[in-house]
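Using full-length UniProt numbering, you'd call the opening residue of the sequence shown number 1 and step up by one each time. Cβ atoms here follow ideal geometry from the backbone N, Cα and C, with glycine treated the same way.
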Amino acid sequence: MLDQYSREELKGKSMLGLASLILKDTKKALDFQELYNQITELKGLTKQAKENQIAQFYTELNVDGRFITLGSNIWGLKEWYPIDQADEQITQTPKKRKKKKADEFDEEEELEYEGDLVELGEEEVDEDGEIVGIDEFDEDFDEDLDEEDEEELDVEIDLDDEEEE
C-alpha cells in the first residue's frame, strides 16, 4: 500500500495518515515505538524533530478514532477488532481471593484486644475506693497549673497596662 505513493507524497502526509497506511500495509498491530520509527523514517525527520513530536503524535493517536491500543503499548486499527474482542484482549479477569470466614476473623480480633477492653464510664477502684491509675501527684500538678495560669493572667494584664502608658 505504501508502494503506490512517491517519497514526496509520503512526506506530505500527516503522521496519523502514515500510521494508518503502515498498519494496513503490515496487516498487524505494532508497538508504538516501532510504528513511530517507521513514520519518522518515511517523513525524513531529524533526531531532534523526532523527540519534539513524539508526545504530540502519541496524544493524537489516542484521540483519533481510527486507532486502538491493545495493551502493552501495542497499536492497531479499530476496524480490525470487534468491540468485544478488543475488550477481551486488554481486560484481564481479576482473580478472586478466598475470604476468611467471618467467624474466624472475629475470633482473631477478640483475641488481640481481649485483655485491654474497658467499657467507657467504668473505672477500676481499689479497696480504699480510690480510682486506680490516678495518684495524688496528678492532682497536685493540676493545682499547680491553676496557680501558674493565674500568674500568666497577671503578667498579661501588666503588659497591657504598660503599653497604654
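Local conformation of D46 per DSSP, three classes: The sequence given here places Thr at residue 46; Asp does not occur at that position. Coil, per DSSP.
Quick one: grab the DSSP three-state call for G129. coil
Can you check whether the CB of L2 is closer than 8 angstroms to the CB of D64? no
Consult DSSP for D31 and reduce its assignment to one of helix, strand or coil. strand
By the 10 Å Cβ neighbour count, where 16 or more other Cβ atoms means buried, how is T46 classified, buried or exposed? In the assembly as shown, T46 is an exposed residue. Its beta-carbon has fewer than 16 other beta-carbons within 10 Å.
Since I believe I74 is in contact with L21 (beta carbons under 8 angstroms), could you give me their beta-carbon distance rounded to a whole number of angstroms? Incorrect: roughly 18 angstroms between the Cβ atoms, too far for contact.
Got a sec, what are the start and stop residues for the beta strand (DSSP E) G76 sits in? I74 to L77
Express the C-alpha separation of Y36 and Q56 in angstroms, rounding to a whole number. The straight-line gap from Cα to Cα measures roughly 11 angstroms.
Can you have a look at G12 and say buried or exposed, based on whether 16 or more other CB atoms are within 10 angstroms of its CB? exposed
Nearest neighbour of E60, chosen from D126, A19 and I83 [CA to CA]: A19
Using a Cβ-Cβ cutoff of less than 8 angstroms, which residues in the same chain neighbour G44 once the five nearest sequence positions on both sides are dropped? K11
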